[in-house]
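Beneath this line is the structure, given in structure tokens, with notes to follow.
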Amino acid sequence: MKVRELFDMIWRRLWIVIVFTTVVTSAVGIYSYYYITPVYGASVELLVMPNSAEEAELAREIDFNDIQTSIKLMDTYQVMIKSPRVLEKAMIAMKLRLSTTELDSKIEVKPVKSSQVIEITARDPSPVTAVEVANTLSRISVEEIKEIMKIDNIQVISEAKVSDNPYPVYPRPILNIAMAFVVGFFLSIALVLVYDSYAIYRKSRVLQKQRMMSKSALG
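If you read the sequence shown in the working numbering, its first letter stands for residue 534, the second for the next number, and so on.
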């Protein structure tokens, strides 16, 4: 089939492409705006640093082993932040009626690339609750790490704040609508091509049978 014929097929069924794409895009837009509960995010940053002037001086002469030790320490702190002990104390402080598993699912802890910073992100349908969870968890994490590790080398450097106009991290209606438009458009074209190709095939089969019947009648 030539490109010209493909374009002719699409042009003849252009109304199907328009209607199908519009319906899919509208449905996704309505669902994204009115049926999906928005989730808001709040982040806090913790700095892991040398806990004395002597350590700070030594940190300037870092070798491979020092880097490995720092990485392991960062990994340890991330595990401790999401430990049941820390989560339970955070829930008590905030008076949350959640299990540690449920609270854990609302939290993401990760290192900031090429730094000694750990980022704690909390997500919740309420932007205020997300901020409260992030700030409370970070505060209790710092206290627990200092108590358990017996060193004072971690502190909060950036607290979460409630925005005047909070924007949800999920869903993203505009992105969903754009994706729905693209998918709907190409899917509608595929449906048109399949439908017309099948129609052409059926027509050719009918013509073939008619020719065979004509030949039989003449014979």
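Glycine included, each C-beta is placed from N, C-alpha and C at the ideal position.
Beta-carbon proximity check, residue i vs residue j, cutoff 8 Å
{"i": "Ile563", "j": "Tyr610", "result": "no"}
{"i": "Val572", "j": "Leu606", "result": "no"}
{"i": "Ile673", "j": "Ala623", "result": "yes"}
{"i": "Ala723", "j": "Val561", "result": "no"}
{"i": "Thr570", "j": "Pro658", "result": "yes"}
{"i": "Leu620", "j": "Val689", "result": "no"}
{"i": "Glu635", "j": "Val645", "result": "no"}
{"i": "Ser696", "j": "Ile549", "result": "no"}
Limits of the unbroken beta strand (DSSP E) element including residue i
{"i": "Ala655", "result": "650 to 657"}
{"i": "Ala575", "result": "573 to 581"}
{"i": "Lys639", "result": "Segment: none, Lys639 is in no beta strand (DSSP E) and carries neither H nor E."}
{"i": "Val645", "result": "Counting along the chain, Val645 falls outside any beta strand (DSSP E), and DSSP gives it neither H nor E."}
{"i": "Val702", "result": "First-last for Val702: undefined, no H or E at that position."}
{"i": "Ser691", "result": "687 to 691"}
Closest by C-alpha distance to residue i, when choosing among the options
{"i": "Lys615", "options": "Thr554, Lys639, Ile604", "result": "Lys639"}
{"i": "Lys694", "options": "Ile569, Phe540, Val577, Val557", "result": "Val577"}
{"i": "Val650", "options": "Arg630, Ser671, Leu636, Val715", "result": "Ser671"}
{"i": "Pro617", "options": "Glu677, Val702, Ile549, Asp685", "result": "Glu677"}
{"i": "Glu692", "options": "Val675, Ala667, Ile684", "result": "Ala667"}
{"i": "Tyr568", "options": "Ser737, Lys736, Tyr703, Ile733", "result": "Tyr703"}
{"i": "Trp544", "options": "Lys679, Lys736, Asp729, Pro699", "result": "Asp729"}
{"i": "Ile604", "options": "Ser647, Lys736, Val715", "result": "Ser647"}
{"i": "Met613", "options": "Ser632, Arg630, Lys679, Ser565", "result": "Lys679"}
Opening and closing residue of the alpha helix (DSSP H) in which residue i lies
{"i": "Pro660", "result": "660 to 682"}
{"i": "Val561", "result": "547 to 567"}
{"i": "Val619", "result": "617 to 627"}
Whole-Å CB distance - residue i paired with residue j, under 8 Å assumed
{"i": "Thr654", "j": "Gly574", "result": "6 Å"}
{"i": "Val725", "j": "Arg537", "result": "Wrong, their Cβ atoms sit about 15 Å apart, outside the cutoff."}
Subject >> Given 8 Å, three or more beta-carbon pairs between the region 639 to 652 and the region 704 to 715 >> reply: Segment contact: the region 639 to 652 against the region 704 to 715, fewer than three CB-CB distances shorter than 8 Å; contact not assigned.
Subject >> Segment contact, 8 Å Cβ cut-off, at least three pairs: the region 537 to 553 with the region 657 to 671 >> reply: These segments do not touch.
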